[in-house]
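From first to last, the protein sequence lines stand for chains G and C. With the first sequence counted from 1, adding 608 to any position gets you the working numbering. With the second sequence counted from 1, adding 608 to any position gets you the working numbering.
There are 2 protein chains.
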Amino acid sequence: MTNVAQRSSEDVSRANRQIREAYDAFKAKGLKLNLTRGKPSSAQLDLSSALLSLPGSADYTAEGATDCRNYGGLQGLAEARRLFSGIMGTAPEQIVVANNSSLALMHDTVVYALLKGTCDSASPWSKQGESSFLCPVPGYDRHFSICEEHGIRMIPVPLNGDGPDMSAVARLVSQDASIRGMWCVPKYSNPTGAVYSDAVVERLASMKTAAPDFRLYWDNAYTVHHLTDEHIEIANIVELCARHGHPNRPFVFASTSKVTLPGAGLAMFASSKENVKWLLARLTQRTIGPDKINQLRHVRFLKDEAGIAGLMDRHKALIVPKFQKVLEVFGAKLAHLPHVTWTKPKGGYFISLDVPQGFARRVVALAKEAGIELTPAGATHPYGKDPEDRTIRIAPTFPELPEVAQAAEGVALCVLLATAE
Amino acid sequence: MTNVAQRSSEDVSRANRQIREAYDAFKAKGLKLNLTRGKPSSAQLDLSSALLSLPGSADYTAEGATDCRNYGGLQGLAEARRLFSGIMGTAPEQIVVANNSSLALMHDTVVYALLKGTCDSASPWSKQGESSFLCPVPGYDRHFSICEEHGIRMIPVPLNGDGPDMSAVARLVSQDASIRGMWCVPKYSNPTGAVYSDAVVERLASMKTAAPDFRLYWDNAYTVHHLTDEHIEIANIVELCARHGHPNRPFVFASTSKVTLPGAGLAMFASSKENVKWLLARLTQRTIGPDKINQLRHVRFLKDEAGIAGLMDRHKALIVPKFQKVLEVFGAKLAHLPHVTWTKPKGGYFISLDVPQGFARRVVALAKEAGIELTPAGATHPYGKDPEDRTIRIAPTFPELPEVAQAAEGVALCVLLATAE
C-alpha cells in the first residue's frame, strides 16, 4: 500500500521520465531545424520574382528625365519617395530612399552623430563624454550591436504590450543628458509584437529630455507586416514631435527587406526637413547617389501603396499558418506550466517565449543538442545578457510548415525537460 | 612709318581684339556645355543594357546553393570575388564585394579607423590627436572631401608623371606619426592620368612610416579603363606590401561604376586577410549582407575577365574620339602659349589642363559665362585651394562628340582670353 505523497512523487518521476524519453527520441531523429532569424521563406521570395527581370532593358528613365543608369540623385527617385510617403508618414521631400538596408542607415546615423553631431548638437557626440541609449527590452539584437560596437552605454527599460514603460523612460531622459537616443520598434516589435499605443507615442514626442539633441531611432521595420486583418496603424511620430516642438527628435526607418527581397531591397529614412538636410550633407561625402535602377525596379513592381498592401497579403497567407502552428503547439504542450508565457503577435516576424526565470539558456542549449537552432538566449537584451534568463525569440517564417511544427514540438519538449530537470 | 615695337603692340592689340570677338561670338551662341564630372555617356550606358533585365526571374542561386534573394553573405558572392580577383590582384578570400560605391567603402574605412582604429592601431584614430593624410596633387576632390568632413588634415605632395614625389612622401611619413593615410589613384590618375611606376609602388610598399597603422588608400578606379592599346599594368601593391613586411598597409578599392552602371554597380575592397577580417567585423554591425542579386547580375553579364576587357574595349571606342578631339583643339589653339600644358592620358576619364599661374579661376569663370561648366578651379587640391591657381580638370566623356568639340574650342578661347587680358 502506498500513500498519496509517494504516489504523487512516483507520478512526477514517471512524467519526467516520459519527457526525457520524448526528448531523446526527438534528438535521435537527427533533425536540423532553424528558428533563429527573421528570414522570409523561399515561397515568400517567389512573390517578388518579377523584380529579377525588371526594370527591363529599355526602361531606365525616371521622372524629371533622370537616367537611372548614371550618377546622382542623392535623395532617391521622386517616384520612390512618393511610393513610400504614406508608409513613412511624411511628405516625399522629407524622405530619403537609400540602398539596403535600414540597419545600415541606423548604423550610419549613429556614426554621423558620433563624429559630427546631429543638427542640434553643440559638438559631436564622441566629444561630449559618454553617450547612452535607452533600450526597451526585450528588443532587437542588431540595434544593441550598433551601440556595443561604438561604445554607447545601453540602459534597458521594460517593454510592455503598449510600448516602453513611459514613467521609466520619461524619468531617465529628463535626468540624464548622456541619453542621446532610444531604440524603438513601434509596431509589431521585435520580438514581442508590442504595438506602441497612441498615448505612448504622444508621450515620447512630448517628453522633456535633458539632451537637446535626443533622437528616437524609430525602426518601423514591420509597418506593413500584418498577421491579422486588423491592420493596426500607430500614431504619426514625425507629426507629433513637430507639434510638440521637437521636430528633429525622430529618425524614422523602414525598408522593403521583408516586402520584396532582403539584401536587394530599399531602405528609407524620414524625418524633419532639417534632419533630412543634415543626413544628405553627410551622405554626399560618402556617395554620389544610391542605386536608382533598384529604386525604379521597385517602383515598377510595387506600383503604389495598394500594390504593397496586396503583396503583404500574399506574405501573410504564407506565414500565418506557421505562426498558428507554433501557437497551437505551445498551447497544447506548455499552457499548464507556471511562468511560461508567449506572445500572440498581430504582425511582424517573431513570437517571444518567456520561460521560468533562469531557464532560457538551458532551453536553448537543449534545443541545440536536439538539432534546433534558436537565437542565443540573451540576444534580446543589451550585451547579450538577459538578467532574468527568461526570454527566447522564436522566428517561424523561414522553415517550411512541417519543419516549423517539428521545431515547435521540439522547443516545447525542451521547455518541459528544462523545467522538469 | 611705324617701328617694330609699335607694330608688334598693334599686332597684339589686334590679336587680342580678335580673341575677344571670338569669345563674344561663342558666348552669343548661348550654349550649355558641361565638362565637369567623369560620367559615362548615354551610349556607354547602353553597353550594359542587358543588366536591366538580369539575372532573370528564375536565376537567383549562386555557388554553395546560396539563395541570392535572401539575407547573408557579408563578404560577397564567391563567384563575384573570383571575377574580380585578377583586377584586384589578390585571392578571392582577400576580397570583399559590396554595394556601390567604392567611394562609400573609402569613406567607411576612414570612419571605422577614426571610431575603432585599424587592426594595427593602439586606439581609434579619433583618440590619438590629429590625423593627417598625404594628398598627391592634383587629385580627386571627393577624396579630399572625406578628409575635410572628418577633420583629417591634408598634406599635399606633388604628383609627377610616375606617381607622387617619393622623396617628399618618404620624408613626411617617416617624421610625422599623425600621417595615418595617403590617397593614391595609382593608374590613370584623376585628373592627370599619371601611372605609378614600379619603383614608386615598391617604395610606397617598403618605406618606413612613423605611424604603425599607416594605410595606403589605393583607389584603383581606372584599372581597366585604357585609352590606348598599351593596357598598362602596375605593380601589385598587396603583394609588395606583404613582401616588405607591411601586409596591412594597403586598402585597395575598385568598382564597376565606369564599367557597367554608375550607382547600380559593385564596389570591391582587397587587402591582407587581417584587414579583410577587420573590415568584415565592422560591416557586420552595419548590414546583414550586400545586394547579392546585383552581384549575380554582374557575374552573369560580365562572365569573366575577358568579358570585362571586351566591354572596356567598347567603352574605349566611344570615348577615345572625345579625348582626341580635346587634344586636337588644345594642340591647334594653345600649343604656342607659354606655361600652358595638358596631359595626354593613356587611360582614365580626365585631361588635366595647366594654365599660367594665377589664371585657372579666371578661365573657369570665363567658361561659365560662355555656357561651359567646368569643375571649379581648385577642386583638384585639398580644401579646394590650388595655391598656384593653375590646374583645370577636363572631363570629356559625357557630352556627345560635337559638344565636346565645341566645349574644347570654348575652353581654348577662355585660356587665350584670360592670358591676353
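Using N, Cα and C, we set each Cβ at its ideal position, and we do this for glycine too.
Proximity test, Cβ basis, 8 Å: residue i and chain C
i: K647/G; result: yes
i: L812/G; result: no
i: L910/G; result: no
i: I665/G; result: In the sequence under discussion, the amino acid at residue 665/G is Ser, which differs from the Ile named in the question. It does: the Cβ of S665/G has a partner Cβ on chain C nearer than 8 Å.
i: Q1103/G; result: Residue 1103/G is absent from the structure shown; chain G starts at 609 and stops at 1029.
i: H715/G; result: yes
i: N828/G; result: no
Collapsed DSSP secondary structure at residue i in the structure displayed
i: S863/G; result: strand
i: D749/G; result: helix
i: E838/C; result: coil
i: F938/G; result: helix
i: G769/G; result: coil
i: F958/G; result: coil
i: E847/C; result: helix
i: F909/C; result: helix
i: S709/G; result: coil
i: D632/C; result: helix
i: N856/C; result: coil
i: G759/C; result: coil
i: P744/C; result: strand
i: P764/G; result: strand
i: A704/C; result: In the sequence on display, residue 704/C carries Val and not Ala. Note: V704/C maps to strand in three-state DSSP.
i: M815/C; result: coil
i: D1043/G; result: What is shown of chain G runs 609 to 1029, which leaves residue 1043/G out entirely.
i: D827/C; result: strand
i: S904/G; result: Checking the displayed sequence, the identity of residue 904/G turns out to be Leu instead of Ser. Here L904/G sits in helix by DSSP.
Within chain G, the residues that residue i reaches when beta carbons sit closer than 9 Å
i: L723/C; result: V719, L722, L723, S734, E757, H758 and G759
i: I754/C; result: Q893 and R894
i: N883/C; result: Result: empty, since nearest Cβ-Cβ is about 18 Å, beyond 9 Å.
Short CB-CB distance (under 8 Å) between residue i and chain G
i: A651/C; result: no
i: T610/C; result: For T610/C, the predicted structure reports a pLDDT of 48, less than 50, and the residue's modelled location is therefore unreliable. A value from the coordinates is still provided. False, the Cβ-Cβ gap to chain G never drops below 8 Å.
i: I896/C; result: yes
i: Y668/C; result: yes
i: R969/C; result: no
i: L869/C; result: yes
i: A712/C; result: yes
i: V934/C; result: no
i: D770/C; result: no
Proximal residues of chain G, C-beta to C-beta of residue i below 8 Å
i: I842/C; result: By Cβ distance, chain G contributes nothing, its closest Cβ being about 25 Å from I842/C, past 8 Å.
Neighbour list for residue i in chain C, Cβ cutoff strictly below 7 Å
i: Y796/G; result: Per Cβ cutoff of 7 Å: no residues; Y796/G is ~19 Å from chain C at best.
i: S661/G; result: S661, G664 and S665
Contact list for residue i against chain C, beta-carbon separation under 8 Å
i: N902/G; result: A872, D899 and N902
i: S709/G; result: T895 and I896
Residue i: contacting residues in chain G (beta-carbon distance under 7 Å)
i: A658/C; result: S665
Legend entry - Touching by the beta-carbon criterion (3+ pairs, under 8 Å), the segment 825 to 834 of chain G and the segment 919 to 929 of chain G: yes
Inset, instruction - Please determine if the segment 741 to 753 of chain G and the segment 680 to 690 of chain G are in contact, where contact requires at least 3 C-beta pairs separated by less than 8 Å. - result: no
Inset, instruction - Report yes or no: do three or more beta-carbon pairs, one from the segment 718 to 734 of chain G and one from the segment 965 to 984 of chain G, lie closer than 8 Å? - result: no
Inset, instruction - Could you say if the segment 960 to 969 of chain G and the segment 887 to 901 of chain G meet the contact criterion of at least three C-beta pairs nearer than 8 Å? - result: no
Inset, instruction - Please confirm if the segment 757 to 765 of chain G is in contact with the segment 911 to 922 of chain G, defined as three or more CB-CB distances below 8 Å between the two stretches. - result: no
Inset, instruction - Determine, using beta-carbon pairs with one atom in the segment 697 to 714 of chain G and one in the segment 673 to 684 of chain G, whether at least three such pairs fall under 8 Å. - result: yes
Inset, instruction - Quick one: which residues of the segment 668 to 696 of chain G get their C-beta closer than 7 Å to a C-beta of chain C? List them in chain order. - result: Y668, D675, R677, N678 and Y679
Legend entry - Three-pair Cβ contact test at 8 Å for the segment 778 to 790 of chain C versus the segment 736 to 743 of chain C: yes
Legend entry - Segment contact, 8 Å Cβ cut-off, at least three pairs: the segment 657 to 677 of chain C with the segment 900 to 914 of chain C: yes
Inset, instruction - Please list the residues of the segment 989 to 1013 of chain C that have a C-beta atom closer than 9 Å to any C-beta atom in chain G, keeping them in chain order. - result: F1006
Inset, instruction - Specify whether the segment 876 to 888 of chain C and the segment 851 to 861 of chain G touch according to this definition: at least 3 beta carbon pairs, one from each stretch, less than 8 Å apart. - result: no
Legend entry - Given 8 Å, three or more beta-carbon pairs between the segment 619 to 630 of chain G and the segment 638 to 646 of chain C: no
Inset, instruction - Taking 8 Å as the threshold, find out whether the segment 796 to 815 of chain G comes into contact with the segment 773 to 780 of chain G through three or more Cβ pairs. - result: yes
Inset, instruction - Pair every Cβ in the segment 859 to 873 of chain C with every Cβ in the segment 710 to 721 of chain C, then say whether three or more of these pairs are closer than 8 Å. - result: yes
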